[in-house]
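Undergrad:
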Amino acid sequence: MKLKTILAGSAAAAAAITAAGLPYNKIDTTYYRLSSGKIKNDMRIIVLADLHDQDYGENMEKLTEKIHPLKPDLILLPGDLCEEKKNDVHSFCLIDQLKQYPMIYSTGNHEEHRPDLPTLLYKIRKMGVSIPEQRSDILDICGNALEIVALPCVKRESFYDPAEVNGRFRTEAFRILMSHRPNWVGLYGQIDCDLIVSGHAHGGQWRCPPLHRGLVAPSVGLFPEYTEGIHDINGRKMLISRGLTKKTHGVIRLFNNPEIVVLDLTGGKENAEEVAA
-13 MKLKTILAGS
-3 AAAAAAITAA
7 GLPYNKIDTT
17 YYRLSSGKIK
27 NDMRIIVLAD
37 LHDQDYGENM
47 EKLTEKIHPL
57 KPDLILLPGD
67 LCEEKKNDVH
77 SFCLIDQLKQ
87 YPMIYSTGNH
97 EEHRPDLPTL
107 LYKIRKMGVS
117 IPEQRSDILD
127 ICGNALEIVA
137 LPCVKRESFY
147 DPAEVNGRFR
157 TEAFRILMSH
167 RPNWVGLYGQ
177 IDCDLIVSGH
187 AHGGQWRCPP
197 LHRGLVAPSV
207 GLFPEYTEGI
217 HDINGRKMLI
227 SRGLTKKTHG
237 VIRLFNNPEI
247 VVLDLTGGKE
257 NAEEVAA
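Heads up: the sequence shown begins at -13 in this note's numbering, then just goes up one per residue.
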């Protein structure tokens, strides 16, 4: 199928959906299971990526009413929780509504572009959210030892020395690297971790059902390889969320709903898969 045909068809479908007032804004919940010998007891992580200060109703209830029944043991926020040119009211409201859960955050490109980034990070930390950028967080969750590093979302992958990033980890616990950009696979393949958690690509914004892949991703271009799901990167697992914003630069999602990601960690032989609810 030619690219021009796909683009024309997707554009026509998007125009029809918008005209009908039926944007794809239903929130999906996608479940994955990852097994590791480092995990002793079952536990649940929820990934909330790329909110972009999106409004989900009073007290963010359209989102939180889906999260609370999932009973997460840990929530990860891998970037673009806030927006470059918004006032963060919905982002901070979401944090407040989820404050009963441990939360860890890493920056996205939109936060890194903000001149008030130090103030923003201070406010997020003051709300009880951890941001372990230079030194890992070591956690005991459900009797499991987890170690998490939140990699700041700089502009270029080459900024990071893999040896220096590896030095931010301090134990042999189950290691998680939170890093916003999923296309930095050259770097990730050299990091001694068990799981990379990412977002940024918004699922490809418009997904093409015949091809089962995203059409375009920020800073990557057409038909990006890494937009959602779980991938093997040189023996490491990378989990990518499609994110929660409803629009990107005014462009709605198409065949690509906002997404809550649920990751269940279990013991046993290493394996990763998408599972039914």
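Glycine included, C-beta positions come from ideal geometry on N, C-alpha and C.
Among the candidates ILE13, LYS12, LEU20, whose CA atom is the shortest distance from the CA of LEU264?
TA: Given that the chain is displayed from residue -13 to residue 263, the structure contains no residue 264 and the question cannot be resolved.
Undergrad: Can you find the residues in the same chain that come closer than 6 Å, C-beta to C-beta, to ASP59, ignoring five residues on each side of it along the sequence?
TA: So the list reads MET29, ARG30, ILE127, CYS128, once near-sequence residues are dropped.
Undergrad: DSSP beta-bridge partners for PRO64?
TA: Paired residues: SER92.
Undergrad: Roughly how many angstroms lie between the CA atoms of ILE238 and GLU158, to the nearest whole one?
TA: Computed Cα separation, rounded: 43 Å.
Undergrad: Which residues does DSSP list as the beta-bridge partners of SER116?
TA: DSSP, once it has assigned bridges, lists ILE90 as partnering SER116.
Undergrad: Would you list the one or two residues that DSSP bridges to HIS217?
TA: In DSSP, HIS217 forms a bridge with MET224.
Undergrad: Just verifying my parser: in three-state terms, what is the DSSP assignment at GLY7?
TA: Residue placement at GLY7 cannot be trusted, given a pLDDT of 43 that sits under 50; what the coordinates show is reported in the next sentence. Of the three classes helix, strand and coil, the one that applies to GLY7 here is coil, per DSSP.
Undergrad: Verify whether the separation of the beta carbon atoms of GLU97 and LEU106 is less than 8 Å.
TA: Taking 8 Å as the Cβ cut-off, GLU97 and LEU106 qualify as a contacting pair.
Undergrad: For ALA187, report the span of its alpha helix (DSSP H) as first-last.
TA: Looking at the DSSP string, ALA187 is not in any alpha helix (DSSP H), and its letter there is neither H nor E.
Undergrad: Going by CA-CA distance only, name the one from GLU119, VAL247, ARG142 that's closest to TYR17.
TA: When only C-alpha atoms are compared, the closest one is VAL247.
Undergrad: Classify TYR212 as buried or exposed, calling it buried when 16 or more other Cβ atoms lie within 10 Å of its own Cβ.
TA: With 16 or more Cβ atoms within 10 Å of its Cβ, TYR212 is classed as buried.
Undergrad: Taking C-alpha atoms, which residue in TRP192, LEU163, GLY215, ASN243 lies nearest to PHE209?
TA: The shortest C-alpha separation from PHE209 is found at TRP192.
Undergrad: Can you grab the Cα-Cα spacing for the pair GLY94 / ALA187, in whole Å?
TA: If you take the alpha carbons of GLY94 and ALA187, they lie about 11 Å apart.
Undergrad: Run through the region 130 to 203 for me and flag every whole beta strand (DSSP E) of 3 or more residues, listed as ranges in chain order.
TA: The qualifying runs are 130 to 137, 160 to 165, 181 to 184.
Undergrad: Just checking my contact of MET334 with CYS79 at CB under 8 Å: how many whole Å lie between their CB atoms?
TA: The structure shown has nothing for residue 334, since the chain only spans -13 to 263.
Undergrad: For ARG121, which option in GLY253, TYR42, LEU163 has the closest C-alpha, if you only look at C-alpha atoms?
TA: Taking only the C-alpha atoms, the option nearest ARG121 is LEU163.
Undergrad: Would you identify the three-state DSSP class for THR105, choosing helix, strand or coil?
TA: Note: THR105 maps to helix in three-state DSSP.
Undergrad: Are GLY190 and ASN152 closer than 8 Å when you measure CB to CB?
TA: Not a contact, by the Cβ cut-off of 8 Å.
Undergrad: What is the residue span of the beta strand (DSSP E) that SER77 lies within?
TA: From DSSP, SER77 is part of no beta strand (DSSP E) but of the alpha helix (DSSP H) over 75 to 83.
Undergrad: Compute the Euclidean distance between the alpha carbons of HIS198 and LEU240, then round it to the nearest angstrom.
TA: Roughly 12 Å between the two C-alpha positions.
Undergrad: Going by Cα to Cα distance, which pick from GLY207, HIS54, ASP66 is closest to GLY229?
TA: Ranking GLY207, HIS54, ASP66 by Cα distance to GLY229 puts ASP66 first.
Undergrad: Which same chain residues end up closer than 7 Å to GLU143 when comparing Cβ atoms and leaving out the 5 residues on each side of it in sequence?
TA: Excluding residues within five positions, the ones whose Cβ falls inside 7 Å are TRP170, GLY172, LEU173.
Undergrad: Identify which residue in ILE134, GLY23, ILE13, ARG100 has its Cα closest to the Cα of ARG256.
TA: Reading off the sequence, residue 256 comes out as Glu, not Arg. Comparing Cα positions, the closest option is GLY23.
Undergrad: Measure the alpha-carbon distance for ALA203 versus ARG167 and round it to whole angstroms.
TA: Between ALA203 and ARG167, the C-alpha separation is close to 10 Å.
Undergrad: On a CA-only basis, which of HIS76, ASP178, GLU259, GLU133 is nearest ASP147? Give me that one, please.
TA: Looking at the Cα atoms, ASP178 is the closest of the given residues.
Undergrad: For GLU51, which three-state DSSP category applies?
TA: DSSP places GLU51 in helix when its eight states are reduced to three.
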